[in-house]
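Under this note's numbering, the first residue of the sequence shown carries the number 58, and numbering increases by one thereafter.
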Amino acid sequence: MLALACGLLCLVTGIASSLLVGRMADRQVRADIGAEFEGAAQRISDLLDRGLAERMREIQIMASLDTIANPASSMDSRRAVLRRVQETYPFYALIILISPSGRILASSSGLLEGADVSERDYFLRGQVAPVAADVHDALLMAPLLQRPASNPPRFVDLAAPVRSADGTVIGVVAAHLFWEWAEAIERDVMRPIALRHSGAKAFVFSAQGHPLLGSERSSSESLHILAPRVFDALKRGVVSGSVEEKKGDPASTLVGFSATVGHQGFHGLGWNVAVSSPTHQAFAPARELAQQVMFWGSIAAAMAVVLGWIVAGWIAYPLEALSRTAEHLKSNPSAKTAPLNRGPAEVRMLALTLRDMVDAIRSREAAFFESEARLRFATEDAGIGAWEVTGRSDVITCSSQAWKIFGYPALSGTVTIREWLDCIVPGDRRSVINSFRHAWRKQSGWATEFRITRKSESEIRWIRVRGTIQGSGVGKAPPAYGGIIEDITEQKVGERARELLIRELDHRVKNQFAVFHSLVQFTARASADATAMANTLCGRIRALASAHDLVRDAVGEGVSRGLRDTTLENVLDAVLGPFGTSVRQEQASPDARFTLTGPGVTIAPAAAGAMALVMHELATNAVRHGALAAAQGAVRVSWAVAAGPDRQQDLLLRWQEMGRAAPDPDRPQKKGFGTALIRQSIEGQLGGSVAFDWAGNLGLEVLIAVPVQRLSS
């Protein structure tokens, strides 16, 4: 059976490979032939552009010669120049020099001298700039060139202005170029193409799609009729390519096309070149190659069938013996496996691997049962239960410890999902169902905490459930979800106790501030200047208490537990409030001692403490030595956020004192403890910079720069 299967497989593979290779070869050869036709069309269009560009350059050079441009030159000398140029290129029919009035002054062969060509398009346009006119029949020149009227010569007219030294147009040099020039290009390019493709032919069409070369002159078939797909492609701006016209039709043709685009400053006449051949002739090499591939592929497939039959028979016998051994192990798991001594080395190695695998499975089964027993003992002793639910069942399987957590010490096995949900406190039941459905739908892990009511004790307990997907659901095995259950009631009780402790600590701190306030008032009554001292100290204590309220929050996690962010303006209001009224600049007040100006800036708890200390020191200094020592003194605090020298955002804060009537003789002349404290807070703690300016007579000016990132971290 294996030998037959291998033989058929080799036969099918060989035939399929032959068909595939043949199809690929046919497609590649067809693409190559299309590229060959496209290349031929490109070559013809390029030679046409280059030929016209070279003739245009000759006409322009001839128009600039002194003999032609100098009015004093004789007609014989001018005629000799025209004749020499014509002799250099055999496809020049006639080269003429035309006066500004349109009379032919001289010609390369003496023909048409004295004739009036003032109405000719090439003369009219040639007076302005070099020009090339499209191909046309020269009916008037036919008798002079000894051509019958039924087959007149075809010309491409070239012209260029002749200018004097001052740039005035004094004539036009024109040339009539035989159309046989284009026919010679077509023959030279198409000769090797015709040898490989007997039906190949080249066509040249005008910019309007009319035939210029390759069709009879009387033919009315334009490009859009002969090759509509090519015509559409050229209209879309496609310069070159190859298409199959009338694809699927017996009269279909392969067409390679290319548009003339000019050469070296010459913009071309908009001609389009097409090289075409009937499809059955153009693609004949592709069909022949595909047939050869199919023929030799069939022979190779037949040889592969015979070889596959022999090799498969050599492999099949030991595999059958190995299969009988596997069946024996299936019916008798404890049986021994005998080594295989016949067949290929790979099959013998497979037999040895099977024996080792059976021995390893038996060993792992024993280890698994032992490990399962230890795991059950460990989880039961730690109070952790296990559970499992399948996607095609409405029952949950739980361990005995899991049922103990739910208050069923004697129950072990399965219950319905409805019975399991009945144990959950009604307020938590909906969130548990939704979270489990979301985890099941996403095939992700599930973790939740909720309350249950123990049936045996009517007691509400907190439990934590974790689960994950246990199977892929492939084949007959449905996907399962399983995990563990823990009783976390004691943990929840501890969390509630810690929350109460934090609230109690907050209450005690506030009480401590009240005690400080009472002590200061008591000291003030016992002192000679107690009132001033009490006001000062009470203001400071209230400021510290306000700052504490700004950043205190009884809810939080991690290192930020008990703290929250505040703003710079809130810190300034809390610290400067005891020293005098403070308002925003837009809320001008005549009795305000502090004016605050700046945008909203968020400050983290640690940075808020440092900024509060700095502002307090500056305000104290202003009261003792600065502007606040005077009745009309005031302080302006302004801040802004701008990019620093290292392109990071910096908070720029200016403390500016004003309104002091005269300088204070006791103004500190050197840095003291307060200055050092300010520098330590700004530079050491916040990573910023501070500059003091005591040069003014009316008060201190302080400039502070702090990275915004340090304020918010």
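All C-beta atoms in this analysis are idealised placements derived from N, C-alpha and C, irrespective of residue type, glycine included. Computed from a predicted structure; not experimentally measured.
*Any idea what DSSP makes of Ile735, helix, strand or coil?*
helix
*Beta-carbon separation of Gly772 and Val229 under 8 Å?*
Absent from the structure is residue 772, since the part of the chain shown begins at 58 and ends at 770.
*With C-beta atoms as the reference, is Ile509 less than 8 Å away from Phe463?*
yes
*Would you identify the three-state DSSP class for Glu516, choosing helix, strand or coil?*
coil
_DSSP three-state assignment for His495, whether helix, strand or coil_ = helix
*Across which residues does DSSP place Leu710 in a beta bridge pair?*
Trp696 and Ile761
*Cβ neighbour criterion (16 or more within 10 Å) applied to Phe180*: buried
*Secondary structure at His337, three-state DSSP: helix, strand or coil?*
helix
*On the premise that Ser299 lies in contact with Glu95, defined as a C-beta separation below 8 Å, what is that separation, rounded to the nearest angstrom?*
4 Å
*asked:* Given this structure, state the Cα-to-Cα distance separating Ser279 from Gly256, to the nearest angstrom.
replied: 20 Å
_Pick from Val694, Trp696, Ser695 and Ala679 that is closest to Ala688, judged by C-alpha positions_ = Ala679
*Could you tell me which of Asp123, Arg80 and Ala98 sits nearest to Lys258, measuring between CA atoms?*
Ala98
*Assign Phe673 to one of three DSSP states: helix, strand, or coil.*
Per the sequence presented here, residue 673 reads as His, with Phe not at that position. Correct three-state label for His673: helix.
*Can you tell me whether Glu614 is buried or exposed, with buried defined as 16 or more other CB within 10 angstroms of its CB?*
In this predicted model, Glu614 has a pLDDT of only 46, less than 50, meaning its place in the structure is not dependable enough to derive any value.
*asked:* Can you list, in chain order, the residues of its chain with a C-beta nearer than 8 Å to that of Leu629? Leave out the 5 residues immediately preceding and following it.
replied: Ser639, Phe651, Leu653, Met672 and Val694
_Does the region 211-224 come into contact with the region 109-120, if we say contact requires no fewer than three beta-carbon pairs (one atom in each stretch) closer than 8 Å?_
yes
_Euclidean distance between Cα positions of Leu768 and Thr624_ = 10 Å
*asked:* Restricting to Cα atoms, I'd like to know which of Thr336, Leu196, Ser770 and Pro157 is closest to Pro662.
replied: Ser770
*Taking Gly741 as the reference, which of Ala172, Val765 and Ala667 has the closest Cα?*
Ala667
*Which residues in the same chain as Ala239 place their Cβ atom closer than 7 Å to its Cβ, once the five residues preceding and following it in sequence are excluded?*
Leu105, Val261 and Leu270
*Excluding sequence positions up to five away, which residues of its chain have a Cβ less than 6 Å from the Cβ of Phe314?*
Ala98, Val287 and Ala331
_Buried or exposed for Lys304, going by 16 or more other Cβ atoms inside 10 Å?_
exposed
*In the structure shown, what three-state DSSP assignment does Asp191 receive?*
coil
_Judging by CA-CA distance, which residue of Glu345, Tyr538, Trp497 and Gly655 is the nearest neighbour of Arg84?_
Glu345
*What separation, rounded to the nearest whole angstrom, lies between the Cα atoms of Ser617 and Pro635?*
Bear in mind that a pLDDT of 45 at Ser617, under 50, signals an unreliable position, so the number given afterwards is only what the model happens to contain. Taking the straight line joining both Cα atoms gives about 28 Å.
*Beta-carbon separation of Ala676 and Leu633 under 8 Å?*
yes
*Between Tyr149, Ala150, Ser175 and Phe148, which lies nearest to Arg160 when the distance is taken from Cα to Cα?*
Ser175
*Residue span of the alpha helix (DSSP H) that contains Pro249, given as start and end*: Glu237 to Arg253
*Which full runs of the alpha helix (DSSP H) of 4+ residues lie inside the region 256-315, going along the chain?*
280-283 and 285-292
_Quick check on Gly294: buried or exposed, where buried means 16 or more other Cβ atoms within 10 Å of its Cβ?_
exposed
*Could you give the distance in angstroms between the alpha-carbon of Ala126 and the alpha-carbon of Ile118?*
11 Å
*Quickly, what does DSSP pair Trp444 with across the bridge? List them, please.*
Cys455 and Gly540
*Using 10 angstroms around the beta-carbon of Asp750, count the other beta-carbons present and answer buried if the total reaches 16, otherwise exposed.*
exposed
*asked:* In this structure, how does DSSP classify Ser158 when only helix, strand and coil are distinguished?
replied: coil
*Burial state of His320, where buried means 16 or more other Cβ atoms lie within 10 Å*: buried
_Could you give the first and the last residue of the continuous alpha helix (DSSP H) run that contains Leu629?_
Leu625 to Leu633
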